[in-house]
Amino acid sequence: MFGERWDRIVAERGAQVALYLPDGSVTTFRQLDTEARAARPVGDHVLAQGDAPTILRALLAGFLHDVPVQLVEKDRQRRVPAVPPPAGTALIKQTVGGSGLRRCQFFTLDQIAADVDRLHAALDLGARGVGVAAISCAHSFGLTMTVLQTLLNGVPACFAPQPFAQPLMEVLKPHPRVFLPGVPALWKAWLMGEVNCRNVSLAIAAGSPLTLELERLAMTQMGLKIHNLYGTSECGAVSWDATEVLREDARDLGTLLPGVAVQTDAAGRLQVRSSSVGLGYDETLPQECYGDGVFTTSDEITLQGDHLLFQRSLGDGVNVAGRKLSPAEICKKIQRAAGLDAVKIYGRASRDPERCQDIVAELEVPQTAISAAFKTQACSLLAPWEVPRRWIGATYSA
199 MFGERWDRIV AERGAQVALY LPDGSVTTFR QLDTEARAAR PVGDHVLAQG DAPTILRALL
259 AGFLHDVPVQ LVEKDRQRRV PAVPPPAGTA LIKQTVGGSG LRRCQFFTLD QIAADVDRLH
319 AALDLGARGV GVAAISCAHS FGLTMTVLQT LLNGVPACFA PQPFAQPLME VLKPHPRVFL
379 PGVPALWKAW LMGEVNCRNV SLAIAAGSPL TLELERLAMT QMGLKIHNLY GTSECGAVSW
439 DATEVLREDA RDLGTLLPGV AVQTDAAGRL QVRSSSVGLG YDETLPQECY GDGVFTTSDE
499 ITLQGDHLLF QRSLGDGVNV AGRKLSPAEI CKKIQRAAGL DAVKIYGRAS RDPERCQDIV
559 AELEVPQTAI SAAFKTQACS LLAPWEVPRR WIGATYSA
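In this text, residue positions in the sequence shown follow my numbering: the first is 199, and each later residue adds one.
Written out as structure tokens, the structure is:
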């Protein structure tokens, strides 16, 4: 299926630019095709880890040679799936998600294409210009909105190596029209950095709640409507705000995308049925529902017809500026670095709404012992975004 689609894209657009790079160089669809066919994978999988161009090439090589591709973030090591990938697996994601556990998720090419094509049609991406890869393509949102649109629908992509205001402006300049996906925290930084969005034909936010204040700021400052998009890595995009007016309710996740059906379970969690739901996890928790076209999320959602209102997340994952983190992973790293046994990690609402949550660490040591030197030692194994913002020590009574 992929080979036929890709051959058609190369036949129709072979000489056209598929990928724009920050140094001004470009790669055509035919050049990508030649490179991928020569790069015959060795082993039972292709590792897609790095920046957007690297991930795009790894995906193309794996898909063309019928070898599963495993996505891994730059700062992570590959998790070897706990079980062999199911028959038909084309893509393996390695994510935390709402559950708070880092696991592998398996997808067929048909499931991947269903999500990509659903977004392509609903958001009219074929008429939006160049897709800007300013967020990680190892995350589902960045993946489906940029490099997979290039490989499955022939939409050109441009790579922004740094998601900061000035580098982004340089990337945007040469293009008459672009569509720009970003998490709310990045949209806030871009607006504060006064990025010129005159050529942005579509602004999309996902990964964490989009506040009314940020949406209003974009409209006031730039006349730009940021469209809220909701989905999960397990099932792809679910709903989006297709309107051109400001929302009146911060819980508003827009309306269902075509081909997606939902209901809520007894706990109010959203259950999604669609052709883009994956095959399942490599390790499944008791009473989880994932597979056979159905996925039950960790989010409590209120349904009003085909309209979705977000209430809260019921999972253990911590959402820091759109990046889903595992409390268990952070806990183990602090325990190892500080030589502690009793450590509890969880998320709490941040004072900065675009940050979403802050990480809290509860320790069985006196509060007075949690000095700057102690924190430096305890955080020595953590990535910068895993560092707790609040430290709570034990209180002892006589």
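Note that beta-carbon positions come from the ideal geometry of N, C-alpha and C, so glycine has one too.
>> Using a Cβ-Cβ cutoff of less than 6 Å, which residues in the same chain neighbour L507 once the five nearest sequence positions on both sides are dropped?
In response: Residue 507 sits at position 309 when you count from the first residue of the sequence shown. Excluding residues within five positions, the ones whose Cβ falls inside 6 Å are R449 and T500.
> Which residue spans inside the stretch 216-257 form an unbroken alpha helix (DSSP H) run of at least 4?
Replying inline: 227-236
>> Check for me: the beta strand (DSSP E) holding P365 runs from which residue to which?
In response: What you label residue 365 is simply residue 167 of the sequence shown in a count that begins at 1. First-last for P365: A363 to L370, but that is the alpha helix (DSSP H), not the beta strand (DSSP E).
>> Looking at L454: is its Cβ nearer than 8 Å to the Cβ of V475?
In response: By one-based count along the sequence shown, residue 454 stands at place 256. By one-based count along the sequence shown, residue 475 stands at place 277. Against a cut-off of 8 Å, the Cβ pair of V475 and L454 comes out as no contact.
> So A355 and A250 are in contact, right, with Cβ under 8 Å, and what is the actual spacing, rounded?
Replying inline: Within the sequence shown, the letter at position 157 stands for residue 355. Within the sequence shown, the letter at position 52 stands for residue 250. About 7 Å; that satisfies the 8 Å criterion.
>> Quick check for students: name the residue ranges of the alpha helix (DSSP H) that lie wholly in the stretch 418-459, counting only runs of 4 or more.
In response: none
> For Q469, which of helix, strand or coil comes out of DSSP?
Replying inline: Mapped onto the sequence shown, residue 469 falls at position 271. Note: Q469 maps to strand in three-state DSSP.
>> Just to confirm the assignment, what range does the alpha helix (DSSP H) spanning A355 have?
In response: The residue you call residue 355 lines up with position 157 of the sequence shown. Note, A355: premise wrong, no alpha helix (DSSP H); beta strand (DSSP E) at A355 to F357.
> Can you give the Cα-Cα distance for A596 and G452, rounded to whole angstroms?
Replying inline: Along the sequence shown, read from residue 1 onward, the residue named residue 596 stands at position 398. Along the sequence shown, read from residue 1 onward, the residue named residue 452 stands at position 254. Note that A596 has pLDDT 44, beneath the 50 cutoff, so the model's placement of it is unreliable and the number below is only indicative. Rounded to whole angstroms, A596 to G452 spans 55 Å at the Cα level.
>> Between R235, S496 and A387, which has its C-alpha nearest L412's C-alpha?
In response: Against the sequence shown, residue 412 aligns to sequence position 214. Comparing Cα-Cα distances from L412 to each of R235, S496 and A387, the minimum goes to A387.
>> Please identify the residue among R553, A592 and P564 whose C-alpha is closest to the C-alpha of W583.
In response: Position 385 of the sequence shown holds residue 583. Looking at the Cα atoms, R553 is the closest of the given residues.
>> Would the stretch 212-227 count as touching the stretch 299-315 if we require 3 or more Cβ pairs under 8 Å?
In response: no
>> Mapping the DSSP letters down to three states, classify I528 as helix, strand or coil.
In response: Within the sequence shown, numbered from 1, the residue matching residue 528 stands at position 330. Residue state, collapsed to three classes: helix.
> Three or more C-beta pairs closer than 8 Å, one from the stretch 412-422 and one from the stretch 383-401: is that the case here?
Replying inline: yes
> Rounded to whole angstroms, how far is the Cβ of L307 from the Cβ of M420, which I believe are closer than 8 Å?
Replying inline: Locating residue 307 in the sequence shown gives position 109, counting from the first residue. Locating residue 420 in the sequence shown gives position 222, counting from the first residue. Not confirmed; about 38 Å, so no contact.
>> Within 10 Å of its beta-carbon, does S578 have 16 or more other beta-carbons around it, so buried, or fewer, so exposed?
In response: Working through the sequence shown from its first residue, we reach residue 578 at position 380. Classification for S578: exposed.
>> Buried or exposed, going by whether 16 or more other CB atoms sit within 10 Å of the CB of I590?
In response: Looking up residue 590 in the sequence shown gives position 392. Classification for I590: exposed.
> Does the count of Cβ pairs from the stretch 473-493 and the stretch 512-523 closer than 8 Å reach three?
Replying inline: no
> Between A256 and V244, which are expected to be in contact by the criterion C-beta below 8 Å, what is the C-beta distance as a whole number of angstroms?
Replying inline: For the purposes of this step, residue 256 is taken as the residue at position 58 of the sequence shown. For the purposes of this step, residue 244 is taken as the residue at position 46 of the sequence shown. Indeed they touch by this definition, with Cβ atoms about 5 Å apart.
>> Going by C-alpha to C-alpha distance, which of A567, G537, D514 and I528 sits closest to G295?
In response: Along the sequence shown, read from residue 1 onward, the residue named residue 295 stands at position 97. When each option's Cα is compared against that of G295, the closest is D514.
> Mind checking K272: buried by the 16 CB within 10 Å criterion, or exposed?
Replying inline: Taking the sequence shown and counting its residues from 1, the one referred to as residue 272 is at position 74. Exposed.
> Looking at C-alpha atoms only, which residue of M367, P359, M343 and V353 is the closest neighbour of I402?
Replying inline: Looking up residue 402 in the sequence shown gives position 204. Ranking the options by Cα distance to I402, first place goes to M343.
> Would you call A236 buried or exposed, if buried means 16 or more other Cβ atoms sit within 10 Å of its Cβ?
Replying inline: Residue numbering aside, residue 236 sits at position 38 when the sequence shown is read from its first letter. It is exposed - the Cβ of A236 has fewer than 16 other Cβ atoms within 10 Å.
> Where does V558 fall in DSSP's three states?
Replying inline: Residue mapping note: residue 558 aligns to position 360 of the sequence shown, counting from 1. It is a strand residue.
> Taking L219 as the reference, which of D205, R276, L370 and F377 has the closest Cα?
Replying inline: The sequence position of residue 219 within the sequence shown is 21, counting from 1. Looking at the Cα atoms, L370 is the closest of the given residues.
>> Just verifying my parser: in three-state terms, what is the DSSP assignment at D497?
In response: Indexing the sequence shown from 1 puts residue 497 at position 299. Here D497 sits in strand by DSSP.
> From T287, A319, A213 and V265, pick the residue whose C-alpha is nearest to that of P456; which is it?
Replying inline: Position 258 of the sequence shown, counted from the first residue, corresponds to residue 456. Out of T287, A319, A213 and V265, A319 has the C-alpha closest to the C-alpha of P456.
>> For S569, tell me which candidate among Q555, P359, R588 and L580 has the shortest Cα-Cα distance.
In response: In the sequence shown, counting from the first residue as 1, residue 569 sits at position 371. Residue R588 is the option with its Cα nearest to S569.
>> Here's the rule: buried if 16 or more other CB atoms are within 10 angstroms of the residue's CB, otherwise exposed. What is D539?
In response: Here residue 539 refers to the residue found at position 341 when the sequence shown is read from its first residue. With fewer than 16 other Cβ atoms within 10 Å, it is exposed.
> Closest to L422 by CA distance: which of E432, G434, L410 and C395 is it?
Replying inline: In the sequence shown, the residue the question calls residue 422 occupies position 224. The candidate whose alpha carbon is nearest that of L422 is C395.
>> Assuming V518 is part of the beta strand (DSSP E), what are its boundary residues?
In response: Position 320 of the sequence shown holds residue 518. Note, V518: beta strand (DSSP E), V516 to V518.
> What is the rounded straight-line gap between the Cα of F261 and the Cα of A288?
Replying inline: Within the sequence shown, residue 261 is the residue found at index 63, counting from 1. Within the sequence shown, residue 288 is the residue found at index 90, counting from 1. Going from the Cα of F261 to the Cα of A288 covers about 7 Å.
> Does the beta-carbon of E432 have 16 or more other beta-carbons within 10 angstroms, so that it is buried, or is it exposed?
Replying inline: Start at 1 with the first residue of the sequence shown, and residue 432 comes out as number 234. With 16 or more Cβ atoms within 10 Å of its Cβ, E432 is classed as buried.
> How is R316 classed by DSSP in three states: helix, strand or coil?
Replying inline: In the sequence shown, the residue the question calls residue 316 occupies position 118. It is helical.
> For K542, which of helix, strand or coil comes out of DSSP?
Replying inline: Mapped onto the sequence shown, residue 542 falls at position 344. Correct three-state label for K542: strand.
> What does DSSP give as the partner residues of Q268 in its beta bridges?
Replying inline: Position 70 of the sequence shown, counting from 1, holds the residue named residue 268. DSSP output for Q268 lists L245 and I290 as bridge partner(s).
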